[in-house]
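S.K.: According to my numbering, numbering within the sequence shown proceeds without interruption in unit steps and concludes at 66.
Backbone N, C-alpha and C fix where the C-beta goes; we use that ideal spot for every residue, glycine too.
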Amino acid sequence: MALSAFFFTLFLNVVFWSVVAVLLLSAAFAVVWLITAVILGVLETRRMRLEPETEHDVDVEDLFNISPL
-2 MALSAFFFTL FLNVVFWSVV AVLLLSAAFA VVWLITAVIL GVLETRRMRL
48 EPETEHDVDV EDLFNISPL
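1) What does a CB cutoff of less than 8 Å around Ser15 pick up in its chain, not counting 5 residues either side in sequence?
2) Check for me: the alpha helix (DSSP H) holding Met45 runs from which residue to which?
3) How many angstroms separate the CA atom of Phe5 from the CA atom of Val17?
So, in structure tokens, the structure goes:
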């Protein structure tokens, strides 16, 4: 009976720490993703401020050669 309890406890321990590891990795990925998004957003905003586009962005009218009424 003691050996069975030992393996059951070991199994629960492995499951618990596996779940903890997955949660920590997910949190780390989310933090890196958010930091990257913020940095890219800041750089894009700075680039648009330094180099304003002279032409307008492509709209649906431009894609299908539709002249505005």
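M.R.: In short:
1) none
2) -1 to 47
3) 18 Å
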